[in-house]
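*Asks:* Pasting a structure below so you can have a look.
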Amino acid sequence: MRKEETICCIVGGGPAGLVAGLLLARQGADVLVLEKHGDFLRDFRGDTIHPSTLELLHELGWIDEFLQLPHTKMTHVTVEMAGAPVTFADFRRLRVRCPYVAFMPQWDFLDFLTNKARAYRGFRLMMNAEVTELMEDADHVVGVRARIPEGQLEVRARLVLGADGRHSIVRRSANMEVVKNSPPMDVLWFRLSRRPGEEFTFFRPGRGRVLICINRGEYWQMAYVIPSGQFDAVKAAGLDTLRSNIVELFPQLADRVEELGEWDDVRFLRVSVDRLRRWFRPGLLCIGDAAHAMSPAGGVGINLAVQDAVATANILGPSLRRGDSPPVQELRRVQRRREFPTRVTQAVQVRAFRGLYPKDLRDDPSLHMPFGFRLFRRLPPLRHLTGRFIGIGIRPEHKRR
Ligand SMILES: Cc1cc2nc3c(=O)[nH]c(=O)nc-3n(C[C@H](O)[C@H](O)[C@H](O)COP(=O)(O)OP(=O)(O)OC[C@H]3O[C@@H](n4cnc5c(N)ncnc54)[C@H](O)[C@@H]3O)c2cc1C
Numbered sequence: 000m001r002k003e004e005t006i007c008c009i010v011g012g013g014p015a016g017l018v019a020g021l022l023l024a025r026q027g028a029d030v031l032v033l034e035k036h037g038d039f040l041r042d043f044r045g046d047t048i049h050p051s052t053l054e055l056l057h058e059l060g061w062i063d064e065f066l067q068l069p070h071t072k073m074t075h076v077t078v079e080m081a082g083a084p085v086t087f088a089d090f091r092r093l094r095v096r097c098p099y100v101a102f103m104p105q106w107d108f109l110d111f112l113t114n115k116a117r118a119y120r121g122f123r124l125m126m127n128a129e130v131t132e133l134m135e136d137a138d139h140v141v142g143v144r145a146r147i148p149e150g151q152l153e154v155r156a157r158l159v160l161g162a163d164g165r166h167s168i169v170r171r172s173a174n175m176e177v178v179k180n181s182p183p184m185d186v187l188w189f190r191l192s193r194r195p196g197e198e199f200t201f202f203r204p205g206r207g208r209v210l211i212c213i214n215r216g217e218y219w220q221m222a223y224v225i226p227s228g229q230f231d232a233v234k235a236a237g238l239d240t241l242r243s244n245i246v247e248l249f250p251q252l253a254d255r256v257e258e259l260g261e262w263d264d265v266r267f268l269r270v271s272v273d274r275l276r277r278w279f280r281p282g283l284l285c286i287g288d289a290a291h292a293m294s295p296a297g298g299v300g301i302n303l304a305v306q307d308a309v310a311t312a313n314i315l316g317p318s319l320r321r322g323d324s325p326p327v328q329e330l331r332r333v334q335r336r337r338e339f340p341t342r343v344t345q346a347v348q349v350r351a352f353r354g355l356y357p358k359d360l361r362d363d364p365s366l367h368m369p370f371g372f373r374l375f376r377r378l379p380p381l382r383h384l385t386g387r388f389i390g391i392g393i394r395p396e397h398k399r400r
C-alpha cells in the first residue's frame with residue numbers, strides 16, 4: 000500500500016479537475032490530481048472551448064500560446080431549417096478577447112493545462128490512478144483509496160475535490176443525493192472522413208434526429224442525436240437504415256457512409272442531466288459533471304466545469320494555501336455561487352432540445368420551422384443574447400488571485 004499526503008486531492012483530470020488543480024497550485028496550495036486513464040486521448044468528451052474559458056486563459060497570460068494549437072473558430076451558429084438559414088447564436092459582439100468558440104480536441108486542451116500546471120511546485124498529477132472509495136473519519140472525508148498499476152494507493156487530504164465526471168465514484172461513495180432531470184436525447188458518436196477544404200452546415204435536424212458535424216481536419220466527428228431511449232430501436236432497424244438516415248440529412252456523405260462498417264464504429268452515449276442536492280460534505284466538494292451532469296446541448300458542459308473550478312479556487316484558495324481544511328461555510332459558498340447558473344443552463348438545455356423534436360417523429364422539421372427558430376428570424380438581436388448565454392454563461396467567473 001503506497002501512502003501519500005496532500006492538502007487537496009482532486010479526483011479526475013478532466014476540465015474541472017485540471018483547472019482547479021492549476022489555479023490552486025498557482026496560489027501556492029499543494030494539490031494531487033488522480034486520473035484513472037493513462038492519457039487524455041479520449042474521444043466524445045466535447046471539443047468546444049468557449050469565449051469565457053478563452054478569457055480565463057487570457058487573464059492568465061497564456062492565450063497567444065494556446066491559440067498556436069490547431070483549432071477552428073466558430074463565430075456564430077447557423078442551422079438550416081425548412082430550407083432557410085437561421086442564426087440562433089452570435090458571439091461576435093461579446094466584449095472578450097476571443098469572441099468565438101474554439102474547436103480543439105479536448106486532449107490538446109487538457110495537455111496544455113497540465114503542462115502549465117506542472118510549472119507550479121505544489122502541482123502533482125498521477126495518471127492510471129483510479130479512485131475506488133473515500134476514506135472517512137466520523138462524518139469527515141479525510142482522503143481516498145485508489146487502484147494504481149503497482150497496487151493500492153491511499154491519499155490523505157484536507158479536502159477531496161470530486162471532479163470525476165458524470166459517473167462519479169466520489170459522489171456515489173459519499174451517498175450524495177442526486178436530483179435527476181430527464182434529458183430528451185441520447186447520442187451516437189462516429190467519424191467519417193473529410194475531403195480537403197470541405198465545409199458542412201454544423202447542425203441539421205430531421206425526423207426525430209439531428210446530425211452535428213465537427214470539423215476535425217482529416218475527418219468529421221459526427222454526433223447523431225436521437226430521442227432518449229431510442230437506441231435499441233435504431234439498432235434493431237439496422238446499420239443500413241442508420242446509413243440512409245445519415246445520407247437523408249447530409250446527401251454529401253453518400254460517398255463515404257460505408258465507412259461505418261459495423262456497430263463497433265458507432266459509440267452510444269446515454270445523456271444524463273442531473274445535479275446534487277448538496278455539493279459538499281465536511282472535507283469533500285464536488286464540481287463539474289460530478290456535481291451536475293450536463294447534456295451536450297449547446298456544448299456548455301466544459302465551460303460550466305471550468306467556471307466551477309475558477310469559483311472553487313477563488314473561494315477555497317486562501318484556506319488551502321494555509322494548509323487548512325476549508326470550513327463547511329466555504330464549501331457551501333461554492334455551491335451557492337455555482338448552483339444558479341447550473342440550474343438555469345440545464346433547464347434551457349433540456350427545453351431547447353425537446354422543442355426541436357416534433358411530437359410525431361414522422362414529421363420532418365426540415366419542412367416546417369419550429370416556433371423558436373421562427374422567433375430568431377423575426378428578432379435578429381436575440382441571437383446575441385443566446386451568443387452570450389452559450390459563450391459566457393450566467394454569472395461568469397474571473398480568477399481573483
Ligand atoms: C456525447 C457528449 C458530448 C459532449 N460534448 C460537449 C461539447 O462539445 N462541449 C462541451 O462543453 N461539453 C460537452 N459535453 C459535456 C462535457 O463533456 C462535460 O460537461 C464536461 O466534460 C465536464 O467536465 P468534468 O471535468 O466535470 O468531467 P469529465 O470531463 O467527465 O472528466 C472527469 C475525469 O475524471 C476521470 N475519472 C472518472 N472516474 C475516476 C476515478 N474513479 N478515479 C480517477 N479519475 C476518474 C475521467 O477519466 C475524466 O478524465 C458532452 C457530453 C456528452 C455526453
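So that you can map any letter, position 374 of the sequence shown is 373 in numbering that gives the first Met the number 0, and since no number is skipped, the others follow by simple counting. Glycine is no exception: its CB is placed at the ideal position from the N, C-alpha and C atoms. Fair warning: this is a prediction, and the values are worked out from it, not measured in the lab.
1. Does the beta-carbon of Phe375 have 16 or more other beta-carbons within 10 angstroms, so that it is buried, or is it exposed?
2. Closer than 7 Å: is that where the CB of Lys72 sits relative to any heavy atom of ligand 1?
3. Quick one, are the C-beta atoms of Phe108 and Ala116 less than 8 Å apart?
4. Are the beta-carbon atoms of Lys7 and Ala156 separated by less than 8 Å?
5. In terms of alpha-carbon separation, which member of Glu4, Gly12, Gly11, Gly16 lies closest to Ala312?
6. Within the present structure, is the beta-carbon of Lys2 separated from the nearest heavy atom of ligand 1 by less than 7 Å?
7. Which ranges does the alpha helix (DSSP H) cover as unbroken runs of at least 4 residues, wholly within the region 113-149, from first to last along the chain?
8. Would you call the CB atoms of Val272 and Gln348 closer than 8 Å?
9. Drop a sphere of 10 angstroms on the beta-carbon of Pro295, count the other beta-carbons inside from all chains shown, and report buried for 16 or more, exposed for fewer.
10. Skipping 5 residues on each side, what residues in its chain have a beta carbon closer than 6 Å to that of Val78?
11. How should Gln67 be labelled, buried or exposed, when 16 other C-beta atoms within 10 angstroms of its C-beta is the threshold for buried?
12. For Pro14 and Gly20, what's the separation of their Cα atoms in angstroms?
13. Rounded to the nearest angstrom, how far is the Cβ of Val130 from that of Leu33, given a contact under 8 Å?
14. Sorry if obvious, but does the Cβ on Leu268 come closer than 7 Å to a heavy atom of ligand 1?
15. Just the Cα atoms here: how many angstroms apart are Asp307 and Gly60?
16. Taking only the alpha-carbon atoms, compute the straight-line gap between Arg255 and Thr74 and give it to the nearest angstrom.
17. Give the list of continuous beta strand (DSSP E) stretches no shorter than 3 residues that lie fully inside the region 189-232.
18. Could you work out which residue in Arg400, Glu396, His397, Gly392 is closest to Phe90 when comparing CA atoms only?
19. CA-CA distance, Gly150 and Ala28?
20. Can you give me the start and stop residues for the beta strand (DSSP E) that Val309 sits inside?
21. Counting C-beta neighbours from all protein chains within 10 Å, is the total for Leu53 16 or more, i.e. buried, or is it exposed?
22. Look at the alpha carbon of Ile168 and the alpha carbon of Ala83, and state the distance between them as a whole number of angstroms.
23. Where does Thr71 fall in DSSP's three states?
24. Within a Cβ cutoff of 6 Å, which residues of the same chain sit near Arg411, ignoring the five residues on either side of it in sequence?
25. Using 8 Å as the cut-off, can you tell me whether the region 186-201 makes contact with the region 212-232, which would need three or more C-beta pairs spanning the two stretches below that distance?
26. How many Å lie between Gly282 and Asp38 at the Cα?
27. At a threshold of 7 Å, does Asp323 count as lining ligand 1 (C-beta to nearest heavy atom)?
28. By the DSSP assignment, the beta strand (DSSP E) with Pro50 in it spans what residues?
29. If you compare alpha carbons, which of Val270, Val246, Asp63, Gly260 is closest to Gln345?
30. My guess is that Leu259 and Leu275 are in contact by the Cβ rule of under 8 Å, so how many angstroms apart are they, rounded?
31. Report the option in Pro379, Pro340, Ala173 whose CA atom is closest to the CA atom of Asp138.
32. CB-CB under 7 Å to Thr385, same chain, minus the five flanking residues each way: which ones, in chain order?
33. Just tell me which of Pro379, Met0, Phe199 has its CA closest to the CA of Pro250.
34. Grab the span of the beta strand (DSSP E) containing Ala88 for me, first residue to last.
35. Measure how close the beta-carbons of Ala162 and Gly316 come, nearest whole angstrom, since I'm counting them as under 8 Å.
36. Heavy atom of ligand 1 less than 7 Å from the Cβ of Ala81, yes or no?
*Replies:* From the atom records:
1. The sequence position of residue 375 within the sequence shown is 376, counting from 1. Phe375 comes out buried.
2. As a first step, residue 72 is located in the sequence shown; it is residue number 73 there, counting from the start. No; taking the cut-off as 7 Å, the Cβ of Lys72 has no heavy atom of ligand 1 nearer than that.
3. Sequence index remark: in the sequence shown, residue 108 carries index 109 (1-based). Sequence index remark: in the sequence shown, residue 116 carries index 117 (1-based). No, Cβ-Cβ distance for Phe108 and Ala116 is not below 8 Å.
4. Your numbering for residue 7 matches position 8 in the sequence shown. Your numbering for residue 156 matches position 157 in the sequence shown. Sequence check: residue 7 is Cys here, not Lys. Going by C-beta atoms, Cys7 is nearer than 8 Å to Ala156.
5. Numbered from 1 along the sequence shown, position 313 holds the residue referred to as residue 312. Cα-wise, what sits closest to Ala312 is Gly16.
6. Taking the sequence shown and counting its residues from 1, the one referred to as residue 2 is at position 3. No, the Cβ of Lys2 stays beyond 7 Å of every heavy atom of ligand 1.
7. none
8. For the purposes of this step, residue 272 is taken as the residue at position 273 of the sequence shown. For the purposes of this step, residue 348 is taken as the residue at position 349 of the sequence shown. Yes, Cβ-Cβ distance for Val272 and Gln348 is below 8 Å.
9. Within the sequence shown, the letter at position 296 stands for residue 295. By the neighbour-count rule (16 or more Cβ atoms within 10 Å), Pro295 is buried.
10. Numbered from 1 along the sequence shown, position 79 holds the residue referred to as residue 78. Cβ within range, chain order: Val85, Phe202.
11. The residue given as residue 67 occupies position 68 in the sequence shown. Exposed, since its Cβ has fewer than 16 Cβ neighbours within 10 Å.
12. Counting from one through the sequence shown, the residue named residue 14 turns up at place 15. Counting from one through the sequence shown, the residue named residue 20 turns up at place 21. Using only the alpha carbons, I get a separation of about 10 Å.
13. In the sequence shown, the residue the question calls residue 130 occupies position 131. In the sequence shown, the residue the question calls residue 33 occupies position 34. With 8 Å as the limit, Val130 and Leu33 qualify as a contact, their Cβ atoms being about 6 Å apart.
14. Mapped onto the sequence shown, residue 268 falls at position 269. Leu268: yes, Cβ under 7 Å from ligand 1.
15. In the sequence shown, residue 307 corresponds to position 308, counting from 1. In the sequence shown, residue 60 corresponds to position 61, counting from 1. The alpha-carbon atoms of Asp307 and Gly60 are separated by roughly 20 Å.
16. Along the sequence shown, one-based indexing puts residue 255 at 256. Along the sequence shown, one-based indexing puts residue 74 at 75. Approximately 29 Å between the Cα atoms of the pair.
17. 202-205, 208-214, 218-226
18. Position 91 of the sequence shown, counted from the start, is the residue given in the question as residue 90. Ranking the options by Cα distance to Phe90, first place goes to Gly392.
19. Counting from one through the sequence shown, the residue named residue 150 turns up at place 151. Counting from one through the sequence shown, the residue named residue 28 turns up at place 29. Computed Cα separation, rounded: 27 Å.
20. As a working note, residue 309 is residue 310 in the sequence shown. Not the beta strand (DSSP E): Val309 falls in the alpha helix (DSSP H), residues 300-321.
21. Locating residue 53 in the sequence shown gives position 54, where the first residue counts as 1. Buried.
22. The residue you call residue 168 lines up with position 169 of the sequence shown. The residue you call residue 83 lines up with position 84 of the sequence shown. Using only the alpha carbons, I get a separation of about 46 Å.
23. In the sequence shown, counting from the first residue as 1, residue 71 sits at position 72. In the structure shown, Thr71 sits in a strand (DSSP, three-state: E or B).
24. Beyond the ends of the chain as shown, which are 0 and 400, falls residue 411; an answer cannot be given.
25. yes
26. Residue mapping note: residue 282 aligns to position 283 of the sequence shown, counting from 1. Residue mapping note: residue 38 aligns to position 39 of the sequence shown, counting from 1. Rounded to the nearest angstrom, the two C-alpha atoms are 28 Å apart.
27. Here residue 323 corresponds to residue number 324 of the sequence shown, with the count starting at 1. Not under cutoff, so the answer is no.
28. As a position in the sequence shown, residue 50 is number 51, starting the count at 1. Unbroken run through Pro50 is the alpha helix (DSSP H), 50-58; no beta strand (DSSP E).
29. For the purposes of this step, residue 345 is identified with residue 346 of the sequence shown, where counting begins at 1. When only C-alpha atoms are compared, the closest one is Val270.
30. In the sequence shown, residue 259 corresponds to position 260, counting from 1. In the sequence shown, residue 275 corresponds to position 276, counting from 1. Not a contact, Cβ separation roughly 37 Å.
31. Here residue 138 refers to the residue found at position 139 when the sequence shown is read from its first residue. Of Pro379, Pro340, Ala173, the residue nearest in Cα terms is Ala173.
32. Here the question's residue 385 lines up with position 386 in the sequence shown. Only Phe87, Ala88 meet the Cβ criterion.
33. Position 251 of the sequence shown, counted from the start, is the residue given in the question as residue 250. It is Phe199 whose Cα lies nearest to the Cα of Pro250.
34. As a first step, residue 88 is located in the sequence shown; it is residue number 89 there, counting from the start. Note, Ala88: beta strand (DSSP E), 83-89.
35. As a working note, residue 162 is residue 163 in the sequence shown. As a working note, residue 316 is residue 317 in the sequence shown. About 16 Å separates the two Cβ atoms, so there is no contact after all.
36. Start at 1 with the first residue of the sequence shown, and residue 81 comes out as number 82. Every heavy atom of ligand 1 is 7 Å or more from the Cβ of Ala81, so no.
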